[in-house]
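Okay, structure first, notes after.
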Amino acid sequence: MDKFVIHGGHRLSGEIEVSGAKNAAVALIPAVLLCDEPCILENVPEISDVSISLRILYEMGAQVDYINRTTVRISTVGLKNFCVPYESARRMRASYYFLGALLGKFGKARVSMPGGCPLGDRPIDQHLKAFSALGAKCDIQHGMVDLTAEKLTGNQIYLDVVSVGATMNAMLAAVRAEGLTVIENAAKEPEIIDVVNLLTKMGAKIRGAGTDTITIEGVEHLKGCTHEIIPDRIEAGTFLIMAAAAGERVIIQNIIPQHLESLISKLKEMGVKMENVGDSIIVYGDNKNFNAVDVRTQVYPGFATDLQQPLTALLTQANGQSQVIETIYPERFRHCEQLNKMGANIELDESMCYINGKTPLKGAKVEATDLRCGAALLIAGLIADGITEISNVYHIDRGYANIDQKLITLGAVIRRIKVDD
Ligand code: EPU
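Start counting the sequence shown at 42; every next residue gets the next number (our numbering).
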């Protein structure tokens, strides 16, 4: 389990490019199972969640060939296997997308209960509700989920909570079901639209992606296609926050600003100066005199829970008290203890925290307890006085492509120390 060692206090400047979206890629890869021809995915992020998803396909019998570092050709032609290897599946949350894709393709699926970041209770009842509505029998025993359906038939699916995963899975299972499926109270995240764009290129008939009602008319066959994955809005947002905290003048390239409106407006409220030029945002770091702000995480287009932890690190540098309310994962605050070790003054109160700033941060030995906690600690380490050592970097590698290399090009002093497991 690698470590990062960061020498804080070096101002960042230059250009940095955002990779493809993790939370789209991990659904797009299983989605390829649904078609009867090879597919090419472009702008595939070099992160471990993607390697695991591709390895699952490979272990199941698919042909997976990298054309270059970020382009991969996948052929599932002739694949008959509907069981996902346990060891790979349990290592990531998004392995649950194999449930919907395999059910859609074969009418059956066997996948272990998903792993992923420890963010508190993360049920999959809405995924199962959607599969049942389409005619599948769901059985969970000894940590394995078994789905079987004689035939999948379109139906009305009302999701009791707005869930990215359940919306994706309902779509994956429904695209080849017979008849019409209507998903109500669907999630609207850009990653959902990206998956719908891939499925549409394959020949699926889907309307309403990006609204809370998605309508799917089942088709018998889906064909191969080439699809470029959208930029990762959470990586982009992390870089915006990082540049605000530690930057002089940083140009963040390959951004879709519309995907980041809630963060951009929060950063402006804090006093961060930014300029949008085409698909780049330039962050000017001359003002480090930030205003305290209040944040409430919400489903898209509200403030993303995945950016709550990185923003908390910046809020330690704001003058006064900021309040963060977490409505998606009420326990997503493990980064606060780590930031406090570095000199932050954060008080936890159930599903919210109060950040009392501005506090100088000092280097410390801290632990990335989850992916976005890791991002928050990187930001803190860049501005801290002295040396910060972040352990459990594998969490960060799940979602940020080559982050140490990218930061080095901006002038950060960061080293990866290989630690044997
Ligand atoms: N929920 C249920 N039942 C379900 C599904 C979800 O109660 O069947 C609840 C969850 O407990 C949570 C809320 O609904 O309180 C929203 O969860 P959602 O299903 O939307 O989350 P997810 O699909 O499991 C994805 C991302 C997360 C991101 C959330 C919220 C992927 C692979 N993961 O998770 O990303 O935080 O949506 O936007 O797409 C990350 O990238 O760091 C990350 C954790």
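Glycine included, every Cβ here is placed at the ideal spot set by N, Cα and C.
With the cut-off set at 8 Å, would you say Ala130 and Ala171 are in Cβ contact? no
Give the single residue among Ser60, Ile108, Val152 whose Cα lies nearest to the Cα of Leu98. Val152
Between Ile88 and ligand 1, is the CB less than 7 Å from at least one heavy atom? no
Between Ile387 and ligand 1, is there a pair consisting of the residue's CB and a ligand heavy atom that are separated by less than 7 Å? no
At a cut-off of 7 Å, would you count Gln167 as near ligand 1, judging by its Cβ distance to the nearest heavy atom? yes
Cβ-based neighbour list, Gly265, same chain, cut-off 7 Å, excluding 5 preceding and 5 following: Cys76, Glu78, Pro79, Cys80
Lys63 vs Val434 beta-carbon contact at 8 Å: no
Between Leu193, Arg413, Gln379, Asp253, which lies nearest to Val260 when the distance is taken from Cα to Cα? Leu193
Where does the unbroken beta strand (DSSP E) through Thr222 begin, and where does it stop? 221-225
For the putative contact between Glu83 and Thr241, defined by C-beta atoms under 8 Å, what is the C-beta separation to the nearest angstrom? Not a contact, Cβ separation roughly 16 Å.
Tell me the rounded alpha-carbon separation between Val318 and Val324. 11 Å
C-beta contact flag for Ala333 and Met383 at 8 Å: no
May I ask you to list the residues that DSSP assigns as paired with Glu408? Ser432
What I want to know is whether the C-beta of Ala425 ends up closer than 7 Å to one or more non-hydrogen atoms of ligand 1. no
Inter-stretch contact at 8 Å, needing at least 3 Cβ pairs: the stretch 214-230 / the stretch 179-196: yes
Pop quiz: Leu423 and Ala453 are said to be a contact at Cβ under 8 Å. What is the actual Cβ separation, rounded to whole angstroms? 6 Å
In whole angstroms, what is the alpha-carbon distance linking Ser306 and Val365? 15 Å
In whole angstroms, what is the alpha-carbon distance linking Gly37 and Gly50? Given a span of 42 to 462 for the chain in the structure shown, any question on residue 37 remains unanswerable.
Complete alpha helix (DSSP H) runs within the stretch 345-381 (minimum length 4 residues, chain order): 346-356
When the distance is taken between beta carbons, is Ile369 closer than 8 Å to Cys377? no
Do Pro272 and Gly55 have their C-beta atoms within less than 8 Å of each other? no
Using a Cβ-Cβ cut-off of 8 Å (strictly less than) and excluding sequence neighbours within five positions of Leu304, which residues of its own chain qualify? Gly278, Leu281, Ile282, Phe344, Ala345, Leu348, Leu352
Cβ distance (whole Å) where Gly472 is taken to contact Asn210 below 8 Å: The structure shown has nothing for residue 472, since the chain only spans 42 to 462.
Give the secondary structure of Gln104 by DSSP, where H, G and I count as helix, E and B as strand, and everything else as coil. strand
Reduced DSSP category for His168 - H, G, I as helix; E, B as strand; rest coil: helix
Collapsed DSSP secondary structure at Pro231 in the structure displayed: helix
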